[in-house]
Amino acid sequence: MLVLGIDTSCDDTSAGVVTGDLAILSNVVSSQDEVHTKFGGVVPELASRKHLENIIPIVDSALVKAGVALKEIDIIAVTKGPGLVGSLVAGISAAKAISLALQIPLLGVNHLEGHIASSLLTKNPPPPKFPFVALVVSGGHTSLYLVKKDGEGEGGTIEYVLKGQTLDDAAGEAFDKVAKLLNLGYPGGRLIEKAAALAHDAGWEGVTFPRAYLKKGSFDFSFSGVKTSVRNYIKASEKDGDLDDELKGRIAQGFQEAVVEVLAKKSISLVLTEGVDTLVVCGGVAANGRLREVIFEGAVEHDIRVVIPKRELCTDNGAMIGAVGVLRANEARLDNLSMNAISRLKI
Amino acid sequence: MSNTEKNGLIISTNSPEETILLGSALGKGALGGRGLFVALTGEMGAGKTKFTQGIAKGLKIDEGYVVASPSFTLINEYPGEIALNHIDLYRLGGTDELLELGYEEYFYGDGVTVVEWAERADELLPVNRINISISILSENIREFRISFLGETNEKLSVASVGFIKEHLMTFIESKKGE
């Protein structure tokens with residue numbers, strides 16, 4: 002079985018081809034951070050038009066890299082939400098056109114399910130076994146799920162139980178905004194990580210910022226408070242002149258520690274509460290090295306297996322949508338042409 | 276700390292919780308009318324999302340919905356008797372991007388539309404709107420400058436401005452009792 006996965010839910014246009022046994026044949030993403038950096042700030046392509054320009058070349062490229070022809074594809078999986086309707090429609094329209102023209106069954110996919118499914122595409126370490134806890138952490142989302150499978154094999158249905166979510170800012174958003182406050186530029190997440198690592202190596206102590214654990218036993222998150230604390234700290238420090246690199250590094254380090262600690266502790270705590278043995282961390286922020294480090298440290302302590310996909314699978318990509326296509330192959334339909342984009346979509 | 280201006284109100288809140296209460300007062304007032312547009316401005320950490328959480332509460336949006344920041348998602352829609360469109364222009368590069376996004380559908384929709392970083396929409400902002408600029412006075416204290424622009428100033432056709440003002444005044448009165 003060959004599945005073509007397409008995602009146009011956020012800034013990137015992406016497409017990938019995966020096989021029935023979840024091997025990635027290709028995974029092509031349009032984003033180029035260098036292009037963004039040129040403008041010295043967060044300059045995403047919000048414009049849906051960009052997706053329209055990108056979609057055909059990206060799909061072509063994914064097919065060429067996979068070495069397969071479009072007519073060999075068995076299922077087309079496309080993100081139907083959550084996301085901006087205008088952007089989603091670009092991917093959905095292309096998918097529908099291919100489905101209709103070549104009579105290939107079509108499946109609408111939840112983007113968040115795609116992020117979780119990205120862990121099933123990992124080969125080393127091997128993919129997680131059900132049930133497991135998944136932390137989806139990105140610019141737009143920070144959620145904890147219990148992922149279960151009823152029944153074995155292809156007939157089994159996967160269930161996602163939302164156990165916690167951010168009540169205000171997503172973790173990736175907080176990284177991005179703090180990077181902006183520190184004038185670090187774009188992409189914020191990676192630059193905070195870099196500044197924090199430099200500070201750590203130089204022996205500069207991180208500034209202590211508050212951790213929001215919310216009420217006892219809650220698996221929800223809140224990162225708006227730590228962002229505001231950083232803002233207040235910067236304002237107070239600026240009275241003594243501009244922030245030097247040392248202070249920026251100390252703030253970046255302290256902020257990162259505050260966010261990472263809460264993400265790691267709550268994730269591990271949920272794994273223990275649910276009595277499962279595996280934690281999956283996915284989404285763009287899962288690429289953060291310090292988050293990986295702290296989660297692995299905590300996991301070792303409790304004998305928890307951690308699966309974090311490699312960087313290119315953590316960020317938005319088409320292969321992860323293709324992976325959901327494999328999991329839900331029996332739901333793909335030839336007459337799925339009335340499928341709509343859905344801006345709010347829960348799993 | 277609260278007083279009325281010729282064409283608006285200045286209200287301060289002493290905590291994030293009170294910011295939610297103020298938002299809720301505005302939301303309750305907005306239950307009377309459709310098509311209300313609220314333009315929020317204020318630096319990072321000012322409490323724009325907190326205030327919007329309050330508006331959702333006042334509008335009686337189902338509490339099962341978490342009103343989280345739309346900075347990355349750009350728009351979060353919450354259904355209800357009067358729907359709430361929560362928009363955030365933080366990541367907007369320029370007004371041309373708004374044009375390409377088909378912003379009219381959201382800006383001139385039926386429900387209540389709240390836009391964070393509204394200054395980035397510039398001349399595309401609807402003429403009839405409530406402008407709210409939030410200033411950080413100290414770690415916890417925020418000052419809200421609320422002004423009523425266009426027809427929302429006198430007519431009740433766009434939204435029940437009188438009703439909204441009434442609710443905001445009730446909030447001010449409740450603070451005086453502290």
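Top line first, the protein sequences correspond to chains A and B. 348 is the number that the numbering used here gives the last residue of the first sequence; the numbers go up by one with no jumps. 453 is the number that the numbering used here gives the last residue of the second sequence; the numbers go up by one with no jumps. Each residue gets a CB set at the ideal place from its N, CA and C atoms; glycine is no exception.
Nearest to residue i by alpha carbon, out of the options?
i, options, result
"G392(A)", "E294(A), L346(A), K267(A), G242(A)", "Residue coverage of chain A in this structure runs from 2 to 348, which leaves residue 392(A) outside it and unanswerable."
"D397(B)", "F347(B), S449(B), S422(B), L364(B)", "L364(B)"
"A253(A)", "K130(A), K181(A), P58(A), G226(A)", "K181(A)"
"V282(A)", "G290(A), E275(A), G276(A)", "G290(A)"
"E352(B)", "G82(A), I77(A), S270(A)", "G82(A)"
"D337(B)", "G355(B), P401(B), L296(B), P345(B)", "G355(B)"
"L264(A)", "I322(A), V30(A), A135(A)", "A135(A)"
"S270(A)", "A172(A), L145(A), T158(A)", "L145(A)"
"L296(B)", "T327(B), G317(B), A358(B), E380(B)", "T327(B)"
"G375(A)", "H303(A), A288(A), V137(A)", "Summary: the structure shown does not reach residue 375(A), with chain A confined to residues 2 through 348, and so no result is reported for it."
"Y234(A)", "S32(A), A198(A), G207(A)", "G207(A)"
"V137(A)", "K149(A), I117(A), F222(A), T123(A)", "I117(A)"
"G115(A)", "G284(A), F133(A), G21(A), K72(A)", "G284(A)"
"V227(A)", "S238(A), S219(A), Y214(A)", "Y214(A)"
"I193(A)", "T229(A), Q257(A), P211(A), E174(A)", "Q257(A)"
Identify the continuous alpha helix (DSSP H) that holds residue i and give its terminal residues.
i, result
"E292(B)", "291-305"
"H254(A)", "Per the sequence presented here, residue 254(A) reads as Gln, with His not at that position. Taken as a continuous stretch (DSSP letters only), the alpha helix (DSSP H) holding Q254(A) covers 246-275."
"V30(A)", "Not the alpha helix (DSSP H): V30(A) falls in the beta strand (DSSP E), residues 25-30."
"G189(A)", "189-203"
"S225(A)", "225-239"
"V239(B)", "The structure shown does not extend to residue 239(B), since chain B spans only 276 to 453, so no value can be given for it."
List, in chain order, every chain A residue whose beta-carbon is nearer than 7 Å to that of residue i.
i, result
"G377(B)", "G87"
"G246(B)", "Residue 246(B) falls outside the range modelled here, since chain B spans only 276 to 453, and no answer is possible."
Run down chain A in chain order and give the residues with a C-beta less than 8 Å from the C-beta of residue i.
i, result
"I350(B)", "L85, S344"
"T294(B)", "By Cβ distance, chain A contributes nothing, its closest Cβ being about 11 Å from T294(B), past 8 Å."
"A343(B)", "Q166, T167, L168, D169, D170, A171"
Please report the distance separating the alpha-carbon of residue i from that of residue j.
i, j, result
"F297(A)", "L314(A)", "19 Å"
"A300(A)", "K217(A)", "21 Å"
"S344(A)", "N360(B)", "12 Å"
"L335(A)", "G319(A)", "20 Å"
"K240(A)", "E414(B)", "15 Å"
"G140(A)", "E153(A)", "34 Å"
"L338(A)", "P128(A)", "33 Å"
"L5(A)", "L85(A)", "21 Å"
"A63(A)", "G17(A)", "5 Å"
"K335(B)", "T279(A)", "39 Å"
"R251(A)", "I309(A)", "27 Å"
"L273(A)", "V327(A)", "30 Å"
"A393(B)", "E318(B)", "11 Å"
"L431(B)", "R232(A)", "In this predicted model, L431(B) has a pLDDT of only 42, less than 50, meaning its place in the structure is not dependable; the value taken from the coordinates is given anyway. When rounded, the distance between both Cα atoms is 39 Å."
"G298(B)", "V313(B)", "11 Å"
"P401(B)", "R395(B)", "13 Å"
"L121(A)", "S27(A)", "15 Å"
"P45(A)", "I421(B)", "Any answer about P45(A) is weak, because its pLDDT of 47 lies below 50 and its placement is not dependable; what the coordinates show is given next. Each residue's alpha carbon lies about 31 Å from the other."
"I330(B)", "A358(B)", "11 Å"
"G92(A)", "D8(A)", "6 Å"
"I77(A)", "A171(A)", "30 Å"
"K249(A)", "D243(A)", "10 Å"
"K325(B)", "E391(B)", "11 Å"
"E454(B)", "N406(B)", "For chain B, the structure presents residues 276 to 453; residue 454(B) sits outside this window and is missing."
Assuming residue i is part of the beta strand (DSSP E), what are its boundary residues?
i, result
"V69(A)", "Segment: none, V69(A) is in no beta strand (DSSP E) and carries neither H nor E."
"Y161(A)", "158-166"
"T80(A)", "76-82"
"N406(B)", "404-411"
"A16(A)", "15-20"
"F419(B)", "417-424"
"V208(A)", "Neither: V208(A) is in no beta strand (DSSP E) and is coded neither H nor E."
"I7(A)", "3-8"
"I286(B)", "283-288"
"E391(B)", "387-391"
Strictly below 7 Å CB to CB, what residues from chain B border residue i?
i, result
"G140(A)", "F347"
"K149(A)", "The premise fails here: K149(A) is roughly 22 Å from chain B at the closest Cβ pair, so nothing lies under 7 Å."
"K178(A)", "M319"
Hey, does residue i have any beta-carbon neighbour from chain C nearer than 8 Å?
i, result
"T388(B)", "Looking for chain C here will not work: the only protein chains present are A and B."
Chain B partners of residue i, CB-CB under 8 Å?
i, result
"K249(A)", "None at all; the shortest Cβ gap to chain B is about 16 Å."
"E54(A)", "By Cβ distance, chain B contributes nothing, its closest Cβ being about 12 Å from E54(A), past 8 Å."
"L182(A)", "M319"
"E174(A)", "S344, S346, F347"
In chain B, which residues lie with their C-beta within 9 Å of the C-beta of residue i?
i, result
"R50(A)", "E375"
"K81(A)", "In chain order: nothing, as chain B lies at least about 15 Å away."
Could you tell me which chain A residues have their CB closer than 9 Å to the CB of residue i, listed as they occur along the chain?
i, result
"E414(B)", "T229, S230, N233"
"T324(B)", "D169, D170, S225"
task = Within the stretch 305-385 of chain B, note down every full beta strand (DSSP E) run reaching 3 residues or more, in order along the chain.
result = 312-316, 350-353, 359-363
key: Uninterrupted beta strand (DSSP E) stretches inside the stretch 100-181 of chain A (no shorter than 3 residues)   = 107-111, 133-138, 143-151, 158-166
key: Segments of 4+ residues assigned as alpha helix (DSSP H) that fall wholly inside the stretch 268-337 of chain A   = 290-303, 312-315, 319-328
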